[in-house]
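Final position of the sequence shown in this note's numbering is 318; the numbers increase by one with none missing. Right, one structure below, let's go through it.
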Amino acid sequence: MIEVVPLGGPLGARVEGLDRRMANESAIAKILTRALAEHLLVVIPGAPMTPAETRDFAAAFGKPQTQLLRYKRSGAVPEVSVMVSTLMADGTTDKTAIRAEDWHTDDSYFAMPAKATLLHSIEIPSHGGSTWFCNMHSVYEALPEATRKRIEGRRAIHGYDTPRARNRPSPRTSEEIAETPDVEHPLVRTHPETGRKALYLNPNRLDRIVGLERAESDALLDELADEARKPRHHFGHVWNKGDIVVWDNRATMHRVMIDYPLGEKRIMQRVLIEGDRPV
Ligand SMILES: [Fe+2]
């Protein structure tokens, strides 16, 4: 018997009693997708799986998509990326994990960003390395009325790289650059399944608000990001080996804490689930 147990914070629920091999049965897939839309983050404990099993499980949430960065793709299963973020002696982890330390939503530099991301822990350090999530419905609802009016109907430019980013991205191949031109998205998006509004921010990719001067745009984006940085909107997941965590990119941001011991393996499988054009 599947049970969806809210985690008690601003977002998140734990799914208990699920046989992961049954996730694609329509009644079960429906429970999982509804839990994701309602709680924005679902945690499903269990044992480590193979990339093919992870891809099949992810399909309960939608269509797994092939990953942009070629070098991360998992051999025979291109929908699964293997993310190695083991902390090295020089202070670096994986080339892109440094960027993942700041709040972001995955793939907003695409016209149709992934609706959800699945992470599955294969190896975790003895402590640290939690992943934090931010509820962007509650961020939107916490904005002053005047600010909500200012951003109503506004659109913003997201790029793979922007000088506003605290951390710049890893280099792309020319093929990957051709696949990532700047795109425009609404600043406030409506969740297609629940109808709730969410602030659609991505501080590492958001370059400017369309129709505003650079200085005004910068100030407004900073003000919006400041609200999202308030801990009352956040929940942190402490990993157990084998956990699956799925989050809704349409109404959350996330970040990883790089506070774990040097050299201890941290390896995750990741699957992105195809999304729609934000509205
Ligand atoms: Fe991410």
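Even for Gly, the Cβ is constructed at its ideal location relative to N, Cα and C.
ILE83: which of GLU303, VAL284, MET296 sits nearest, CA to CA? On the sequence shown, position 44 is the one that residue 83 refers to. Selected option, being the one with the closest Cα: VAL284.
Cα separation between ARG253 and ARG247? Against the sequence shown, residue 253 aligns to sequence position 214. Against the sequence shown, residue 247 aligns to sequence position 208. Rounded to whole angstroms, ARG253 to ARG247 spans 7 Å at the Cα level.
Let me know the secondary structure DSSP gives ARG189 once reduced to three states. To locate residue 189, count along the sequence shown from 1; it is residue 150. Here ARG189 sits in helix by DSSP.
Measure the C-alpha to C-alpha separation of HIS166 and LEU251 and round it to an integer number of angstroms. Taking the sequence shown and counting its residues from 1, one reaches residue 166 at position 127. Taking the sequence shown and counting its residues from 1, one reaches residue 251 at position 212. So the two alpha carbons sit approximately 44 Å from each other.
Quick check on DSSP: helix, strand or coil for MET40? Numbered from its first residue, the sequence shown carries residue 40 at position 1. Three-state result, MET40: coil.
For TRP278 and SER147, which I take to be in contact (beta-carbon distance under 8 Å), what is that distance rounded to the nearest angstrom? Residue 278 sits at position 239 when you count from the first residue of the sequence shown. Residue 147 sits at position 108 when you count from the first residue of the sequence shown. Rounded, the Cβ-Cβ distance is 24 Å, inconsistent with contact.
Between the C-alpha atoms of HIS159 and PRO152, what's the straight-line distance to the nearest angstrom? In the sequence shown, residue 159 corresponds to position 120, counting from 1. In the sequence shown, residue 152 corresponds to position 113, counting from 1. Taking the straight line from one Cα to the other gives about 20 Å.
Taking 7 Å as the cut-off, is the C-beta of ASP145 nearer than that to any heavy atom in ligand 3? Within the structure as shown, ligand 3 is missing, the only ligands being ligand 1.
For ILE196, which residues of its own chain have a beta-carbon under 6 Å away from its beta-carbon, when the five flanking residues on both sides are left out? Here the question's residue 196 lines up with position 157 in the sequence shown. Cβ within range, chain order: ASP221, GLU223, ASP246, ARG247.
Compute the Euclidean distance between the alpha carbons of ALA264 and ASP287, then round it to the nearest angstrom. Here residue 264 refers to the residue found at position 225 of the sequence shown. Here residue 287 refers to the residue found at position 248 of the sequence shown. Rounded to the nearest angstrom, the two C-alpha atoms are 19 Å apart.
Through-space distance from CYS173 to LEU301, alpha-carbon basis: Locating residue 301 in the sequence shown gives position 262, counting from the first residue. Locating residue 173 in the sequence shown gives position 134, counting from the first residue. Cα to Cα, the separation comes out at about 27 Å.
For LYS102, which three-state DSSP category applies? Against the sequence shown, residue 102 aligns to sequence position 63. Of the three classes helix, strand and coil, the one that applies to LYS102 here is coil, per DSSP.
For a test of your reading of the model: does the CB of ALA150 fall under 7 Å from any non-hydrogen atom of ligand 1? Yes or no. Locating residue 150 in the sequence shown gives position 111, where the first residue counts as 1. No, the Cβ of ALA150 stays beyond 7 Å of every heavy atom of ligand 1.
As an exercise, report each continuous beta strand (DSSP E) stretch of at least 3 residues that is fully enclosed by the region 237-296, in chain order. 245-248, 273-276, 283-287, 291-295
Where does THR229 sit, in a helix, a strand or coil, going by DSSP? Against the sequence shown, residue 229 aligns to sequence position 190. THR229 falls in the strand class under three-state DSSP.
Within 10 angstroms of its Cβ, does LYS154 collect 16 or more other Cβ (buried), or is it exposed? Residue numbering aside, residue 154 sits at position 115 when the sequence shown is read from its first letter. With 16 or more other Cβ atoms within 10 Å, it is buried.
Looking at C-beta atoms only, is the number of pairs between the region 211-220 and the region 173-186 that lie closer than 8 Å three or more? no
Between ARG289 and ALA237, what straight-line distance do the alpha-carbon atoms span, to the nearest angstrom? By 1-based counting over the sequence shown, the position of residue 289 is 250. By 1-based counting over the sequence shown, the position of residue 237 is 198. Going by the C-alpha atoms only, they are around 8 Å apart.
Unbroken stretches of the beta strand (DSSP E), 3 residues or longer, contained in the region 43-89: 52-55, 80-83
Do the region 300-318 and the region 88-108 make contact, defined as three or more Cβ pairs closer than 8 Å? yes
Helix, strand or coil at ARG94 according to DSSP, with G and I counted as helix: Taking the sequence shown and counting its residues from 1, one reaches residue 94 at position 55. Correct three-state label for ARG94: helix.
With DSSP run on the structure shown, which of helix, strand or coil describes GLU184? Taking the first residue of the sequence shown as 1, we reach residue 184 at position 145. Three-state DSSP puts GLU184 in a helix.
When you compare the CB positions of PHE274 and PRO45, do they come within less than 8 Å of one another, or not? Start at 1 with the first residue of the sequence shown, and residue 274 comes out as number 235. Start at 1 with the first residue of the sequence shown, and residue 45 comes out as number 6. No, Cβ-Cβ distance for PHE274 and PRO45 is not below 8 Å.
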